[in-house]
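*Asks:* Take a look at the following structure, please.
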Amino acid sequence: MVFPQGLLHFQFNSGNIPALAIVSLNSPNPGVDFINSALFANNLPSAIVEKVTFLDDAQVKKLKAVFGGTG
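Next comes the structure, spelled out in structure tokens:
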């Protein structure tokens, strides 16, 4: 799998045996992005975050308030 730089992603092993992942990064310092900040500490409209997270409007607005986001 190839993921564009900065794209939030995850992988899930749906099998019943351990999985092996071989990872190659294009930088010695690939960085870390915390999902809570990426989703809720921003100015994205709440409607977009609701669709991505399957949370309702009240939950998204509450989390945006906690993490300093707007919108």
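Sequential numbering from 1 applies to the sequence shown in full-length UniProt numbering.
C-beta: ideal position from N, C-alpha, C; glycine also.
(1) What separation, rounded to the nearest whole angstrom, lies between the Cα atoms of E50 and K64?
(2) Quick check: what's the CA-CA separation for D57 versus G6?
(3) Where do the N-terminal and C-terminal ends of the alpha helix (DSSP H) with residue 78 fall, by residue?
(4) When the Cα atoms are used, what is the spatial distance from P4 to N26?
(5) Are the beta-carbon atoms of S46 and G71 separated by less than 8 Å?
*Replies:* Looking at the atomic coordinates:
(1) Cα-Cα distance, rounded: 11 Å.
(2) When rounded, the distance between both Cα atoms is 26 Å.
(3) One cannot answer for residue 78 here, as it falls past the ends of the chain, which runs 1 to 71.
(4) A straight-line Cα-Cα distance of about 11 Å links P4 and N26.
(5) Yes; because the gap between Cβ atoms is below 8 Å, this pair is in contact.
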